[in-house]
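A.B. asks: Below is a structure I'd like to ask you about.
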Amino acid sequence: MKDALERSSRHLQKGMFMKFIDKLQRKFGRYAIPNLTMYIIILYAAGYILELFQPSFLSYLTLEPALILKGQIWRLVTWLLIPPGSLDIFTLIMLAVYYSLGTTLERTWGTFRYNLYIFTGVLSTLIGAFIVYAIFAAQGVQVMMGTTFNTYYVSLSIFLAFAVSYPNMQMLLYFIIPIKIKWLALLDGIYILYAFIRSDWVNRVVIIASLFNFLLFFLGGLQYWRVSPSEIRRKQRFKKQVNMGSHSHTGKKNQVTKHKCAICGRTELDGDDLEFRFCSKCDGNYEYCQDHLFTHEHVHKK
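According to the numbering used here, the sequence shown is numbered sequentially starting from 129.
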């Protein structure tokens, strides 16, 4: 009985969360930034250029609540230029990997949901920095953050989200060893836990604040964007039935459309935020919406 009540509570919580996200998307979806990962990488590139030619200038860009409250409000945004690590060949490879992972997540979740995930991490990092500042200020201590709050964990949240969404996808470790991404994420999780235990309370706030988006969307019992094959098939059947019914009542069936998802049957008439792509791995001209482009089973002719 207790387990049944807990499951019912989780389903209710998840349903409320999904409705809230859908409401936000209907209201603010048109403001979402397409290809957000590319802009993140561009910010990092600008940061590395500054680090090479004007390293002292970076001190004017860091997230410093004390200086923000004194009028340097540009620091609310410019800390995103601070690169997550030193520039070397490994960093360049990781940036390319992050671009690939982030782009895939955006296509899978949709532009608005991906934007929401990233900006939740950015906003929670800002809040965490002000919390630390307020605690020190209450003790009469004036503290400068430097690069304590940066984009390292925000970038890491992209990798963790991808690993939860596609746990069995393989990557080549050091370009040689094939390993499932879930095991790499597990190692990262162990490292983060170790760092959390060994750190002082300031760095613990940094970790929690910077990874709050991941903790909320994946570890908070919501798991809204986890890719489950059985759940996907169930949603595909439901959406197909809904769209067939809606077309028969609204007359959309008689309208000429340019795009149509081979899984759910949705077209550009079903939503202004829908995106469609052809799959290069399927035999034939099969087009899919962003919800099914990376989750469908590839068609292979015998």
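Built from N, CA and C at the ideal position, the CB exists for glycine as well.
Can you say whether residue 249 is buried or exposed, counting buried as having 16 or more other CB atoms within 10 angstroms of its CB?
C.D. replies: Buried: at least 16 other Cβ atoms inside 10 Å.
A.B. asks: What would DSSP say about residue 409, mapped onto helix, strand or coil?
C.D. replies: Here residue 409 sits in coil by DSSP.
A.B. asks: Count the other C-beta atoms from every protein chain shown that fall within 10 angstroms of the C-beta of residue 221, then say buried if there are 16 or more, exposed otherwise.
C.D. replies: Its Cβ having fewer than 16 others within 10 Å, residue 221 is exposed.
A.B. asks: Is residue 298 helix, strand or coil by DSSP?
C.D. replies: Residue state, collapsed to three classes: strand.
A.B. asks: Indicate whether at least one CB of chain E lies closer than 7 Å to the CB of residue 161.
C.D. replies: Protein chains in the displayed structure number just one, and chain E is not present.
A.B. asks: What residues are listed by DSSP as bridge partners for residue 404?
C.D. replies: DSSP lists 417 as partners of residue 404.
A.B. asks: Classify residue 420 as buried or exposed, calling it buried when 16 or more other Cβ atoms lie within 10 Å of its own Cβ.
C.D. replies: Buried, by the Cβ-count rule.
A.B. asks: Can you tell me where the beta strand (DSSP E) holding residue 306 begins and where it ends?
C.D. replies: Looking at the DSSP string, the run of the beta strand (DSSP E) that includes residue 306 is 305-308.
A.B. asks: Does DSSP put residue 388 in a helix, in a strand, or in coil?
C.D. replies: If DSSP states are grouped into helix, strand and coil, residue 388 belongs with the strands.
A.B. asks: Consult DSSP for residue 395 and reduce its assignment to one of helix, strand or coil.
C.D. replies: Strand, per DSSP.
A.B. asks: Let me know the beta strand (DSSP E) ranges lying completely inside the region 155-192, each 3 residues or longer, listed in chain order.
C.D. replies: Here no run is fully enclosed.
A.B. asks: Could you check the C-alpha separation between residue 236 and residue 406 for me, to the nearest Å?
C.D. replies: Approximately 14 Å, taken between the alpha carbons.
A.B. asks: For a quick check, are the C-beta atoms of residue 279 and residue 227 less than 7 Å apart?
C.D. replies: Going by C-beta atoms, residue 279 is not nearer than 7 Å to residue 227.
A.B. asks: Determine the burial state of residue 397: buried for a count of at least 16 other Cβ atoms within 10 Å of its Cβ, exposed for fewer.
C.D. replies: Classification of residue 397: buried, given that the 10 Å Cβ count is 16 or more.
A.B. asks: So residue 180 and residue 209 are supposed to be a Cβ contact under 8 Å. How far apart are they, rounded?
C.D. replies: In fact, because the Cβ distance is near 13 Å, the residues do not count as touching under 8 Å.
A.B. asks: Consult DSSP for residue 202 and reduce its assignment to one of helix, strand or coil.
C.D. replies: Coil.
A.B. asks: In whole angstroms, what is the alpha-carbon distance linking residue 431 and residue 161?
C.D. replies: A query on residue 431 cannot be resolved here, the shown segment of the chain reaching from 129 to 430 and no further.
A.B. asks: If you drop the 5 nearest sequence neighbours on each side, which residues of the same chain put their C-beta closer than 6 Å to that of residue 338?
C.D. replies: So the qualifying residues of the chain are 253, 281, 282.
A.B. asks: Taking contact to mean at least 3 C-beta pairs separated by less than 8 Å, is the region 288-302 in contact with the region 324-332?
C.D. replies: They do not touch, by the three-pair rule.
A.B. asks: What's the call for residue 218, buried or exposed, on a 16-neighbour Cβ count within 10 Å?
C.D. replies: With fewer than 16 Cβ atoms within 10 Å of its Cβ, residue 218 is classed as exposed.
A.B. asks: Are residue 408 and residue 341 touching if we call contact CB-CB under 7 Å?
C.D. replies: No, they are not a contact pair.
A.B. asks: Taking just the CA atoms, how far does residue 241 sit from residue 182?
C.D. replies: One C-alpha to the other measures close to 36 Å.
A.B. asks: Looking at C-alpha atoms only, which residue of 323, 290, 322, 149 is the closest neighbour of residue 311?
C.D. replies: Looking at the Cα atoms, 290 is the closest of the given residues.
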